[in-house]
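By full-length UniProt numbering, the letter at position 258 of the sequence shown is numbered 258, and the numbering carries on one by one without gaps. Virtual Cβ for every residue (Gly too), placed ideally from N, Cα, C. Remember, predicted model here, so these are calculated numbers, not experimental data.
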Amino acid sequence: MKVDRHIHTPFCPHGSQDSLQAYVEKAIQLGFQEISFTEHAPIPENFVDPTPEQDSGMSMTQLENYLKDVHHIKEQYANDLKINVGLEVDYIDGFETKTTQFLNEYGPHLDDSILSVHFLRFDRQYFCLDYSPEAFAHIVQKFGSVSKTYDKYYETLLKSVNYDLGLFKPKRIGHITLVHKFKKQFPCPNRFTEKINTILLAIQQQNLELDYNAAGLFKPLCQEAYPAPDVLELARKKKIPLVYGSDAHCAKDLGQGYETLFSC
Ligand SMILES: [Zn+2]
Ligand SMILES: [Zn+2]
């Protein structure tokens, strides 16, 4: 079955204003049978978004409208396409209680969700991992090296997989090698195979899925999907379900890289 289960919407403050309908029409045109809208959930209220525009997630005041609009389009297109109402939820080290509360409240209204790590913690400070090469350089400086940054990322990712975020914890882990986003500018000498194996084992044991995310293919400093090829191979060996996601932030990107991802 052809699915795209990682799609953003006009509710994304750093995305495009393309309508939900534009995404749906594109999905139908490309022959998808199922899609999930997975907008960035609001970040916890007492978390200070470290990005310059503070636009990592939708605002809490928009959430009800988002759910209402996606439910509406889901019904409107019920005969043509299965549409899931979803969210991409951040795992933020130190904000697990708030995140669990959020999931307990909104989880019952969702058909699908993704748990992603975009923020790294350094003492009491937080950094957005995938914002820009300049911001990444700053993180590397803070952690001391590219390797140490990778190490922190995988450590946070493992926590996200293992943390009990309640009954409505997302079943899918987002873009597991997102730390590779600027790899051509910041090559990493280590492969972290052992750590990645531990993470994949935890994912397998908890029957979680992996977001098979095409976005990295189109980032000039990455040019590979998430998971990266070696991690993908390990995941396949462990028979972890891989769920395609375009991570589209505009309608034309829905389905991007689908053929490439499934030809290897
Ligand atoms: Zn986004
Ligand atoms: Zn993401």
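At a cut-off of 3 residues, the continuous stretches assigned as beta strand (DSSP E) that sit fully inside the segment 74-100 are 82-90.
Collapsing the DSSP output to three states places residue 156 in a helix. If only complete runs of 4 or more residues are kept, the segment 7-59 shows the alpha helix (DSSP H) at 20-29, in order along the chain.
Contact between the segment 218-225 and the segment 197-204 is not established, with fewer than three Cβ pairs separated by less than 8 Å. Counting of Cβ neighbours within 10 angstroms places residue 79 among the exposed residues, the total staying below 16. For residue 166, the CB contacts under 6 Å within the same chain, skipping 5 residues up- and downstream, are 100, 103 and 104 in chain order.
For the pair residue 230 and residue 236, the Cα-to-Cα distance works out to about 10 Å. Proximity to residue 169 across 262, 180 and 111 peaks at 111, based on C-alpha coordinates. Taken from the Cβ of residue 40, at least one heavy atom of ligand 1 lies inside 7 Å. Taking 3 residues as the shortest admissible run, the segment 96-175 contains the following complete beta strand (DSSP E) segments, listed from N- to C-terminal end: 112-116, 119-122 and 125-128. A direct Cα-to-Cα measurement between residue 152 and residue 225 gives close to 21 Å.
Rounded to the nearest angstrom, the Cβ distance from residue 20 to residue 70 is 7 Å, consistent with a contact under 8 Å. Of all alpha-carbon atoms in 39, 215 and 238, the one lying nearest the alpha-carbon of residue 260 is that of 215. In the DSSP secondary-structure assignment, residue 4 is bridged to 35. The Cβ atoms of residue 16 and residue 188 lie no closer than 8 Å to each other. Under DSSP, residue 248 forms a beta bridge with 7. Relative to ligand 2, even the nearest heavy atom lies 7 Å or more away from the CB of residue 144. Checking the 7 Å criterion, the Cβ of residue 160 is out of range of every heavy atom belonging to ligand 2.
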